[in-house]
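Below you'll find the structure, written out as structure tokens, and then a few comments.
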Amino acid sequence: MHVVGAAALTLVVSAPPVHADVKTDVAETDRWLFSTPLDTFAAEAVNRRASANEPLDWSTDNCSFIGDRGVFDFLKACWRHDFGYRNYKKQSRFTSANRKLIDDQFRTDMNSICNRHRGLQSYKGVACRAEARVFYEAVRAVGRVYPAAVVSTGGVAIRLYSSTEEPFAVGHISNGSPGDSVWVDRSYDYGASWSQLGVTRIQRFLDKAITAPIWARFTTVRACGQVRDAGIACTKWVRR
Numbered sequence: 001m002h003v004v005g006a007a008a009l010t011l012v013v014s015a016p017p018v019h020a021d022v023k024t025d026v027a028e029t030d031r032w033l034f035s036t037p038l039d040t041f042a043a044e045a046v047n048r049r050a051s052a053n054e055p056l057d058w059s060t061d062n063c064s065f066i067g068d069r070g071v072f073d074f075l076k077a078c079w080r081h082d083f084g085y086r087n088y089k090k091q092s093r094f095t096s097a098n099r100k101l102i103d104d105q106f107r108t109d110m111n112s113i114c115n116r117h118r119g120l121q122s123y124k125g126v127a128c129r130a131e132a133r134v135f136y137e138a139v140r141a142v143g144r145v146y147p148a149a150v151v152s153t154g155g156v157a158i159r160l161y162s163s164t165e166e167p168f169a170v171g172h173i174s175n176g177s178p179g180d181s182v183w184v185d186r187s188y189d190y191g192a193s194w195s196q197l198g199v200t201r202i203q204r205f206l207d208k209a210i211t212a213p214i215w216a217r218f219t220t221v222r223a224c225g226q227v228r229d230a231g232i233a234c235t236k237w238v239r240r
């Protein structure tokens with residue numbers, strides 16, 4: 001009888017670690033989101049969008065969530081903000097705490113763009129950071145969503161942002177002039193009566209403004225604006 005050693009019968013297969021690909025994607029997402037200079041990220045994003053079988057989501061809708069790109073070019077910051085939201089959702093880790101981390105990185109990226117205005121152009125940096133604050137406050141209040149309602153008057157756009165994920169609404173005015181204002185009307189009886197809340201005026205050097213977040217759960221809300229030489233205009237009522 002011929003005996004074959006047990007070692008000869010044993011086939012050892014080296015299996016990859018469980019969820020290795022997922023862990024790699026998570027680490028790569030965080031590296032590109034939090035540890036990479038913005039210009040380097042933007043160049044990589046252009047290349048990755050053209051790649052097939054890309055494990056991360058590099059797609060973007062630019063800055064269209066706010067309705068326009070504004071006076072200053074925050075496009076690259078919007079790209080990275082999209083990247084963060086989309087991949088964190090894809091990786092099932094889009095919590096409130098992580099959303100704030102991504103939003104805070106968005107603010108950091110916008111401010112880094114603003115800091116390029118120096119010396120005799122420093123006044124532009126002040127205006128740029130004010131506009132960055134408008135963008136940041138919008139995403140913090142209602143997330144990266146499209147307007148729930150829009151109205152235009154005299155070439156000025158007035159938008160209501162409201163999200164099912166957050167209990168707040170904000171009013172936003174763009175393409176206006178300093179002194180033009182925006183606010184949110186809130187009603188508990190479907191628009192029969194309402195309160196005017198959060199009146200906010202466009203500041204010097206800017207063409208847009210956003211209200212503070214207005215509590216809107218179980219209410220009906222609309223955004224209104226007063227525009228010089230064009231009067232008052234309001235969006236339709238939106239039920240929360």
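If you count the sequence shown from 1, position 74 lands on 74 in the UniProt record's numbering, and the numbers rise without skipping.
Backbone N, C-alpha and C define an ideal beta-carbon position, used for all residues, glycine too.
Values in this document were obtained by computation on a predicted structure and should not be read as measured data.
In this structure, how does DSSP classify residue i when only helix, strand and coil are distinguished?
{"i": "residue 179", "result": "coil"}
{"i": "residue 83", "result": "helix"}
{"i": "residue 152", "result": "strand"}
{"i": "residue 188", "result": "coil"}
{"i": "residue 102", "result": "helix"}
{"i": "residue 125", "result": "helix"}
{"i": "residue 212", "result": "coil"}
{"i": "residue 146", "result": "coil"}
{"i": "residue 234", "result": "strand"}
{"i": "residue 160", "result": "strand"}
{"i": "residue 41", "result": "helix"}
{"i": "residue 72", "result": "coil"}
{"i": "residue 197", "result": "strand"}
{"i": "residue 63", "result": "coil"}
{"i": "residue 135", "result": "helix"}
{"i": "residue 169", "result": "strand"}
{"i": "residue 50", "result": "coil"}
So residue i and residue j are supposed to be a Cβ contact under 8 Å. How far apart are they, rounded?
{"i": "residue 235", "j": "residue 151", "result": "5 Å"}
{"i": "residue 107", "j": "residue 132", "result": "6 Å"}
{"i": "residue 308", "j": "residue 222", "result": "No statement about residue 308 is possible, as the shown extent of the chain runs from 1 to 240 and does not include it."}
{"i": "residue 32", "j": "residue 83", "result": "7 Å"}
{"i": "residue 180", "j": "residue 201", "result": "7 Å"}
{"i": "residue 231", "j": "residue 212", "result": "Not a contact, Cβ separation roughly 24 Å."}
{"i": "residue 50", "j": "residue 76", "result": "About 17 Å; that fails the 8 Å criterion."}
Residue i to residue j, Cα distance in whole Å?
{"i": "residue 156", "j": "residue 127", "result": "19 Å"}
{"i": "residue 1", "j": "residue 21", "result": "For residue 1, the pLDDT reaches just 49, beneath the cut-off of 50, and the residue's location in the model is therefore unreliable, leaving the point undetermined."}
{"i": "residue 105", "j": "residue 34", "result": "7 Å"}
{"i": "residue 119", "j": "residue 129", "result": "16 Å"}
{"i": "residue 113", "j": "residue 192", "result": "45 Å"}
{"i": "residue 99", "j": "residue 79", "result": "15 Å"}
{"i": "residue 89", "j": "residue 228", "result": "42 Å"}
{"i": "residue 97", "j": "residue 143", "result": "13 Å"}
{"i": "residue 170", "j": "residue 24", "result": "38 Å"}
{"i": "residue 183", "j": "residue 87", "result": "34 Å"}
{"i": "residue 54", "j": "residue 206", "result": "39 Å"}
{"i": "residue 92", "j": "residue 141", "result": "21 Å"}
{"i": "residue 37", "j": "residue 175", "result": "31 Å"}
{"i": "residue 63", "j": "residue 102", "result": "15 Å"}
{"i": "residue 215", "j": "residue 163", "result": "11 Å"}
{"i": "residue 220", "j": "residue 173", "result": "19 Å"}
{"i": "residue 46", "j": "residue 27", "result": "20 Å"}
{"i": "residue 233", "j": "residue 72", "result": "26 Å"}
{"i": "residue 13", "j": "residue 56", "result": "Residue placement at residue 13 is poorly supported in this model, since its pLDDT is 45, which falls under 50; the coordinates are not used for a value here."}
Buried or exposed: where does residue i fall if 16 or more other Cβ atoms within 10 Å of its Cβ makes it buried?
{"i": "residue 218", "result": "exposed"}
{"i": "residue 85", "result": "buried"}
{"i": "residue 165", "result": "exposed"}
{"i": "residue 3", "result": "Any reading at residue 3 is ruled out, since the residue's pLDDT is 48, under 50, leaving its predicted position unreliable."}
{"i": "residue 224", "result": "buried"}
{"i": "residue 9", "result": "Legend: pLDDT at residue 9 = 41, less than 50; position of this residue unreliable, value from coordinates given subsequently. Per the 10 Å Cβ criterion, exposed."}
{"i": "residue 161", "result": "buried"}
{"i": "residue 226", "result": "buried"}
{"i": "residue 134", "result": "buried"}
{"i": "residue 136", "result": "buried"}
{"i": "residue 147", "result": "buried"}
{"i": "residue 209", "result": "buried"}
{"i": "residue 29", "result": "buried"}
{"i": "residue 39", "result": "exposed"}
{"i": "residue 189", "result": "exposed"}
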